[in-house]
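Chemist:
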Amino acid sequence: MSNADPLAAELAAIERRHAKIKQPGGLRWDFDGGYAANDAEGVGRLLASTDDVPRLLAAVEAVLALHVKQEEPVRSYGPGDSCPQHLMTALGRRNYATMHKCPDCRYTEYFVCEYCDRSNDTWPCPTYAAISSALLGEAGTDGH
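Following the numbering used here, the numbering of the sequence shown begins with 1047 at its first residue and continues without gaps.
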């Protein structure tokens, strides 16, 4: 029995189908604005690869539906952000609820990913940034 990851195996199969399209004789440039198959085998390769597109889009959309920018910003209080009344206690505790309402306490607001739930990461999360970079190039990774 194989221990192969079925998802990795399917992605490898998709990659192989895509690579076959690019083989010599598989496709030619059609001057009407696209690629066309040279022969029946090329048509089969093209159709097999285009059948993958909806599934790949659905997979990306499913991941992006999870990795969304949190609506409310996270507040971060760093050293020196507390007013004298809200300095850390001897046990290193702060009352963030009162600091949140205090006009003299400073904080930094930033947004995080709802799914990743790592308050130390700013938006976009690594997953969103990786997908954005792959689809849009490096310039499209800011999440806007």
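Even glycine gets a Cβ: it sits at the ideal position worked out from N, Cα and C. Quick caveat, the model's predicted, so the values are computed rather than measured.
#1: Would you kindly work out how many angstroms separate the C-alpha atoms of R1152 and I1177, rounded to a whole number?
#2: Since R989 is in the alpha helix (DSSP H), which residue starts that stretch and which ends it?
#3: Can you give the beta carbon distance from V1158 to T1173, rounded, assuming they're within the 8 Å contact cut?
#4: Could you tell me the boundaries of the alpha helix (DSSP H) in which P1153 lies?
#5: Rounded to whole angstroms, how far is the Cβ of D1098 from the Cβ of I1060, which I believe are closer than 8 Å?
#6: Quick test of your reading: T1154 and S1122, contact by CB under 8 Å. State the CB separation rounded to the nearest angstrom.
#7: Let me know if P1125 comes out buried or exposed under the rule of 16 or more other beta-carbons within 10 Å of its beta-carbon.
#8: Measuring only the C-alpha atoms, how far is Y1161 from V1120?
#9: Given a threshold of 16 other Cβ atoms within 10 Å of its Cβ, counted over all protein chains shown, does C1171 qualify as buried or as exposed?
#10: What residues in its chain sit with their C-beta under 6 Å from that of A1094, if we drop five residues either side in the sequence?
Modeler: On the basis of the supplied data:
#1: 34 Å
#2: Any property of residue 989 remains undetermined from this structure, which presents the chain solely from 1047 to 1190.
#3: Not quite, the Cβ-Cβ distance comes to about 12 Å (not below 8 Å), so this is no contact.
#4: One detail in the question is off: residue 1153 reads as Tyr in this sequence, not Pro. Unbroken run through Y1153: none, as it is neither H nor E.
#5: A Cβ-Cβ separation of about 5 Å places D1098 in contact with I1060 under the 8 Å criterion.
#6: Contact between T1154 and S1122 holds: CB atoms are separated by about 5 Å, below the 8 Å threshold.
#7: It is exposed - the Cβ of P1125 has fewer than 16 other Cβ atoms within 10 Å.
#8: 14 Å
#9: Per the 10 Å Cβ criterion, buried.
#10: R1063
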